[in-house]
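FYI, in our numbering the residues of the sequence shown are 620 to 1240. Ideal Cβ placement from N, Cα and C applies to all residues, glycine included. As C-alpha cells, the structure follows; a few thoughts come after it.
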Amino acid sequence: MQYLKQYLKTISDRGNVKLAESISKTAEDVGNQYIRNFNFSDHEIGLLFGNVQSGKTGQMFGIMCKAADLGFPVFVLLTTDNVVLQQQTLERVKSDLRGFCICGETDGGLFLENSLVEPAIIVLKKNYRVLKLWANILNSTGFMKGNPLFIIDDEADAASLNTLVNRGRQSSINKYLDSIKNEASSSIYLQVTGTPQAILLQTLVSGWHPYFTYYFQPGDAYLGGDFFFPKNEKADCISYLESLKNPTRDVVVRHLTVSAQILLSGGKVSNCLLHPSVRQNVHNRFANDIAKEMKWALEQINDELPALVKKEYDDLAPTKTTKCSFDDVLAKVADLLKSNAVKVLIMNGKYDVATDEYATGSNIIIGGNTLGRGVTFPGLHTIYYTRSSKKPQADTMWQHSRMFGYDRDPGMMRVFIEEKLYKLFADINATNNSIISQVEQGSDKIKIYYPEGLNPTRANVLDNKKVSMISGGTNYYPLSPENNTIEELDKILSSFEDSTPSYQINLRLMLEIFNHITSEEDFNVSAYKDVLTAMLADKPTAQGILIVRRNRDVAKGTGALLSPNDWSLGASFGNQVVLTMYQMTGNKGWNGRKIWVPNIKLPSGIVYYDVKDEELSDEEV
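If you want it as C-alpha cells, here you go:
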C-alpha cells in the first residue's frame, strides 16, 4: 500500500488540492533527504517547524505516511498533556489515515494483537503515567526488538525538554521520552513546533538538539508574522491602545461590524479574542466591561452607535466576499444586539469551553494561558492583546499569535495592542524569519538573537553552563589570539589604510578575516562567525564596519586594547557590526610577532545566544 499517495488523495478529494501539494513536498523532501538513508540501527533526532497555525498536523501525517512507505512499522504521535487535544488528534488520525492500526492510550492490547501486521500509530498525551505505561509496552514487546520506532512529538518544545537540567536531574516526561526513543532498537524522533527556540538552544550532549532541521512554507492564503508585524513599519490592521479613549468600546463595535459583514455574506462564524492577562479576576472584569459596552450599544442603536459602526464599516475591505451595504450591516448589528446573539465566553483554568461553543455565530472569547498553544479559533478577525510580563519569553508570546491562520480575511483584521508589545512581536518575527533563512540556506549552527530584555524561552530548559549570551554594543577581544598566518592577514588587509577612520565592508570579507584568527576560550571565534553567517542568511549583501590600525604598541594582557578614539569611533556605529583589527609591534610581548588582534562589537541592544557544545564521545554517538 502506498500510504502517502492514499493520504494525499484523501486531502485532494476534500477540495484541498493546494494543501495536498504542500504536504507532498514536505513529505518527499524529508523522506528523501533524511528518512530514506536511515540505517535502521541508529537513533536520530530532527526538527520540523513551520509558522504558528500554518497546518503542521497535515505535514506530520504526510511524513508518517512517507516513513511507512519507507519501511517504518510503528509510530508514536505525541500531543500536549490535554485530554481534549489528544482525543481530537486521535479522531483526526482515524478519519485521515488508511491502512494503519490506530491505537489510543488504552489500546495496548490492540497494538499487541496487531503485531505489526499493519503499521501502527499510537496517539499519546505527554503525561508521565501514559508515557511510562507505553515505554514498558514498547520496550518489553518481542517484535519491537528488531524494528525501528518513529516518534513525532507535536509541540516538542512545550513539555518534552528536561526542566531540571540545571539541578542535575531529569524531569519525568523527559525521562520517559528518553526511555521510549533510546531503548528502541533504532529510532527517528521528529520534534515539531512553530517555536523552535528552546530546541535549537539544546546541546548535542543532551540528546535533544536536532541533527537536521526542515522548515515547511505556509500556503498562499496564510496570514502570519509578516502580515501583522512587518519589519520597520506598522501594519494597517494595528491599532495602538494608547491612542484610544475607550478601547473596550472600540473592540465591541469593531467585532459587531465585522460579525455583521461575515454573517450577512454567508459566513458561519465571527470570533473576537481578548487576551489581557493570566489572572482569572482580570478575565471576569473584562467580561463585565464587555457586558456594559454591549448594553450601551443596545441603548444607543438609534443615537451614537450608527456613527461608530460607520467608522468601522468604512475601514472594512473584505477580499473574500462582496462588501455589504452599510444599511444592511447596521441592521444586522442591531439584530445581533436585540437578540442577544453575541456570546461572551471566559476560557481559563476555571471555565472550560468546548470548541463547538465558538464554532458558529458571533463570539467574544476572554482568557489567558488557555488561549495559547494548541487552540485554534475559526473566523478570528478582532484581537485585543495586553498581556505583559516582566521577563517576556519569545516562544510563549509567539504562541499567543492566535490571529495567524488561513481562514482570515486580510481586509477585515484588527489587532488592538500596546505599542511596546507590538514592537516585541515585531522583534520576534524578525528573529523567526532569521531562523527560517538560516535553515533554508543549510546553516549548521542556527543563531538566535533578541533585543535586551526579551528572552528566547524559559530558563529552566537551558543548560546555564553551556548556553551563553553575547551582548551587542560590547567590545570583545582575545587575550591570547593567534593568526593562522600573519602574512595572509597582511595580504587581506593591505588595501585598508591606517589613516582612514573606517571602511564599509561586506560581512563575507569579515568572515574571511575571522577564518585566519584562532583564540582560546576567552574569545569564541566560531560564535562570532556563526552570528555573521546568520546576518548574511537574512541579507546576503549585509555590511559592517572595518577599522584597521597598525604599529600598535600595546602590551599583551593589559586588558586595554582600543584607544579612546577608536572606542568612540566604533561606538558611533550602534546598529552595525564593527571589527577593529590592531596589528601589534611585538615590542611588548606577543613573542615579538606583529600579530593581528581583533576586536568585534555587534549591533547595540541585541543579545545573541550561543550554545557551547562538546564533541560527543564514541559511546554517546
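Buried or exposed by the 16-neighbour rule on C-beta atoms within 10 Å, applied to residue i
i, result
"residue 636", "exposed"
"residue 1236", "Summary for residue 1236: the model assigns pLDDT 43, below 50, so the residue's position carries little reliability; its value from the coordinates is reported in the next sentence. That one is exposed."
"residue 661", "exposed"
"residue 736", "exposed"
"residue 1159", "exposed"
"residue 1167", "buried"
"residue 621", "exposed"
"residue 968", "exposed"
"residue 1031", "buried"
"residue 1251", "Coverage of the chain is limited to positions 620 through 1240, which leaves residue 1251 absent and any answer about it impossible."
"residue 1123", "exposed"
"residue 652", "exposed"
"residue 632", "exposed"
"residue 1239", "Note that residue 1239 scores 44 on pLDDT, short of 50, meaning its location in the model is unreliable; the coordinates nonetheless yield the value given after this. With fewer than 16 Cβ atoms within 10 Å of its Cβ, residue 1239 is classed as exposed."
"residue 998", "buried"
"residue 1218", "buried"
"residue 1010", "exposed"
"residue 702", "exposed"
"residue 1120", "exposed"
Strand pairing of residue i, partner residues [DSSP]
i, result
"residue 980", "888"
"residue 810", "666, 772"
"residue 842", "1024"
"residue 966", "986"
"residue 1215", "1202"
"residue 744", "698"
"residue 1226", "1069, 1090"
"residue 720", "739"
"residue 1002", "892, 1034"
"residue 1101", "1137"
"residue 703", "In the DSSP output, where bridge partners are listed per residue, residue 703 has none listed."
"residue 693", "739, 768"
"residue 961", "981"
Extent of the continuous alpha helix (DSSP H) to which residue i belongs
i, result
"residue 728", "727-733"
"residue 1189", "1183-1190"
"residue 606", "In the structure as shown, the chain begins at 620 and stops at 1240. Residue 606 is therefore absent and cannot be evaluated."
"residue 899", "899-918"
"residue 1221", "Element bounds for residue 1221: n/a, residue is neither H nor E."
"residue 924", "924-934"
"residue 794", "791-801"
Where residue i sits in the DSSP three-state scheme
i, result
"residue 830", "coil"
"residue 1029", "helix"
"residue 677", "helix"
"residue 858", "strand"
"residue 874", "helix"
"residue 1060", "coil"
"residue 628", "helix"
"residue 867", "helix"
"residue 781", "coil"
"residue 1147", "helix"
"residue 1125", "strand"
"residue 1074", "strand"
"residue 621", "coil"
"residue 1041", "helix"
"residue 1095", "strand"
"residue 711", "helix"
"residue 652", "helix"
"residue 749", "helix"
"residue 1232", "coil"
"residue 1053", "helix"
"residue 974", "helix"
"residue 882", "helix"
"residue 657", "coil"
beta-carbon residue i near the ligand NAD non-hydrogen atom, thresh 7 Å
i, result
"residue 970", "You won't find the ligand NAD in this model; it holds no ligand whatsoever."
Residue i - containing beta strand (DSSP E), residue span
i, result
"residue 1089", "1086-1090"
"residue 1198", "1197-1203"
"residue 1166", "1162-1171"
"residue 821", "From DSSP, residue 821 is part of no beta strand (DSSP E); its letter is neither H nor E."
"residue 1018", "Where residue 1018 is concerned, there is no enclosing beta strand (DSSP E), although the alpha helix (DSSP H) it sits in stretches over 1013-1018."
| Taking one C-beta from the region 850-865 and one from the region 1055-1062 each time, how about it: are there three or more such pairs within less than 8 Å? | no
| query | Is there contact between the region 808-824 and the region 1079-1099, where contact requires at least three CB pairs shorter than 8 Å? | reply | yes
| query | For the 8 Å Cβ check, are there 3 or more pairs between the region 911-920 and the region 1019-1028? | reply | no
| Are at least three pairs of beta-carbons, each pair with one atom in the region 775-789 and one in the region 701-721, less than 8 Å apart? | no
| With contact counted as at least three CB pairs below 8 Å, one residue from each stretch, are the region 1086-1103 and the region 1125-1144 in contact? | yes
| said: Quick test of the definition: if touching needs 3 or more C-beta pairs under 8 Å, does the region 947-956 touch the region 875-884? | reply: yes
| query | Does the region 671-686 touch the region 830-849, meaning 3 or more C-beta pairs lie closer than 8 Å? | reply | yes
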